[in-house]
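One structure is given below, encoded as structure tokens.
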């Protein structure tokens, strides 16, 4: 199950997603149960587990953060704020499966489980059909009453279905027939311009010469002052000028398709190379591992995501974060996925004895060695290569310290904002007294 499947350490995936969502809002959902901690909260028909209740509180905090005139959490009237808001608790927090600003819902599936914040309960299956546009007069046979949720998940919203029917109506040309009979005035029929074809054709009615986009591009580049129609006539003309034009255009078109390669001339030279391979072994952590070990999400810690492509065909690409094995407990080292990354450094010496500067004489300078490390480091992950020196992935202690530093910076920033707000209020107080007098 995607809702409960965790990583190698048994940490549920939804908890890691909830931490990232909470950090994006800027409020710790574990300390601010703004919806489920209310005295009048019931949640009829909703599972009373940690996952669902966390999602309910996260949606409330998200709606509060999106409000233009949001105030303190303790002053918010949550039933008024969450009016006309729905949540599909069958999805993980990463899906953000809640209604938008205008109450619009996402497409229903056969596994959808909807909760209404306004009614404080789960919706009935018949209400799923009403969300798709069906009226209160819809009649459902008793034999199908148990499959209402599946029926709504397999169905389509009536407005969307109307768009499909209207598109078929337009494509079939029915509006033109009705317009010709004077029965429909909703659609304006446009006159389409006939495409002018200036290429020649062979005996099999196949286009030849300047019939493709490659030839046309070549003609525009080689003959910018001549219309393509004039060049096409010259291209098919049985004359010396026509054959020359055809040869030039065909050669340019072939070069444009294949790509031109200029090989360096061969020289009498000697080359010696030597390579060194450095192998690094490190931990490959998932998002859940980072949250479980460091207490914060990868986005909060500003970690760079690394993608690994398995050698076996058909296996999906693995996304995760690199962590140094230094300082990790033995049980964590054995439980985490480990990867090996290697780095090659080549040293190449080239000598050309035919060039004047390569001749041996008394004032011959010392041999210059060319390092090819610059081209190799361009494809390395930034976790290994810095701007000036090579760096390695962080250790667990460094991640914990980084999270504490970022948290302290956020606290200082919030304190400064509160101080500035208080100062502005105190500065505006005399003006308020003057207005009252």
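Numbering (my numbering), first residue to last: 4 to 440.
Glycine is no exception: its CB is placed at the ideal position from the N, C-alpha and C atoms.
Query, Result
"When we look at the beta-carbon of residue 22 and count the other beta-carbons within 10 Å, is it buried (16 or more) or exposed?", "buried"
"Out of 51, 129, 70, which one is the CA nearest neighbour of residue 92?", "51"
"Is the CB-CB distance between residue 97 and residue 20 below 8 angstroms?", "yes"
"Are the Cβ atoms of residue 38 and residue 59 separated by less than 8 angstroms?", "yes"
"What is the residue span of the alpha helix (DSSP H) that residue 293 lies within?", "290-297"
"With DSSP collapsed to three states, give me the class of residue 128.", "helix"
"Could you tell me the boundaries of the alpha helix (DSSP H) in which residue 31 lies?", "From DSSP, residue 31 is part of no alpha helix (DSSP H); its letter is neither H nor E."
"Of all the CB atoms in chain C, is at least one closer than 8 angstroms to the CB of residue 57?", "In summary, chain C is missing from the structure at hand, where a single protein chain is found."
"Per DSSP, which residues does residue 277 bridge with? Please list them.", "350"
"Determine the direct distance from the alpha carbon of residue 296 to that of residue 14, and round the result to whole angstroms.", "10 angstroms"
"Just to confirm my understanding: we take residue 260, look at its own chain, exclude 5 residues before and 5 after, and list those with CB closer than 7 angstroms. What are they?", "217"
"Measuring straight from C-alpha to C-alpha, what distance separates residue 289 and residue 339?", "9 angstroms"
"Tell me, please, whether the stretch 68-86 touches the stretch 124-142 by the rule of three or more beta-carbon pairs shorter than 8 angstroms.", "no"
"Answer with buried or exposed for residue 195, where buried requires no fewer than 16 other C-beta atoms within 10 angstroms of its C-beta.", "For residue 195, the predicted structure reports a pLDDT of 33, less than 50, and the residue's modelled location is therefore unreliable. A value from the coordinates is still provided. It counts as exposed."
"Between 71, 130, 128, 326, which has its C-alpha nearest residue 104's C-alpha?", "71"
"Among residues of its own chain, excluding the 5 on either side of residue 345, which ones have a beta-carbon nearer than 6 angstroms to its beta-carbon?", "280, 282"
"Can you round the beta-carbon distance between residue 244 and residue 221 to whole angstroms, since I take them to be within the 8 angstroms contact cut?", "Incorrect: roughly 17 angstroms between the Cβ atoms, too far for contact."
"Is the separation between the beta-carbon of residue 405 and that of residue 304 shorter than 8 angstroms?", "yes"
"Does the Cβ-Cβ distance between residue 61 and residue 102 come in under 8 angstroms?", "no"
"Measuring CB to CB, does residue 293 end up less than 8 angstroms from residue 300?", "yes"
"So who's on the other strand from residue 61, going by DSSP bridges?", "According to DSSP, which records beta bridges pairwise, residue 61 is partnered with nothing at all."
"Since residue 256 is in the alpha helix (DSSP H), which residue starts that stretch and which ends it?", "243-261"
"Am I right that residue 291 and residue 33 are in contact with their C-beta atoms under 8 angstroms? What's the rounded C-beta distance?", "Rounded, the Cβ-Cβ distance is 16 angstroms, inconsistent with contact."
"Tell me the DSSP secondary structure of residue 151 in three-state form.", "helix"
"How about residue 67 and residue 90: are their beta carbons less than 8 angstroms apart?", "no"
"Where does the unbroken alpha helix (DSSP H) through residue 338 begin, and where does it stop?", "333-338"
"Just to confirm the assignment, what range does the alpha helix (DSSP H) spanning residue 170 have?", "161-174"
"Out of 257, 240, 242, which one is the CA nearest neighbour of residue 219?", "257"
"Any idea what DSSP makes of residue 217, helix, strand or coil?", "helix"
"Strictly by DSSP, which residues pair up with residue 47?", "124"
"Run through DSSP, which three-state label would residue 91 get?", "strand"
"Leaving out the 5 sequence neighbours to the left and right, which residues in its chain are closer than 8 angstroms to residue 113 when beta-carbon positions are compared?", "152, 153, 156, 157"
"Would a C-beta distance cut-off of 8 angstroms place residue 398 and residue 316 closer than the cut-off?", "no"
"Can you say whether residue 427 is buried or exposed, counting buried as having 16 or more other CB atoms within 10 angstroms of its CB?", "exposed"
"Using a 10 Å radius around the Cβ and a threshold of 16 neighbouring Cβ atoms, would you call residue 163 buried or exposed?", "exposed"
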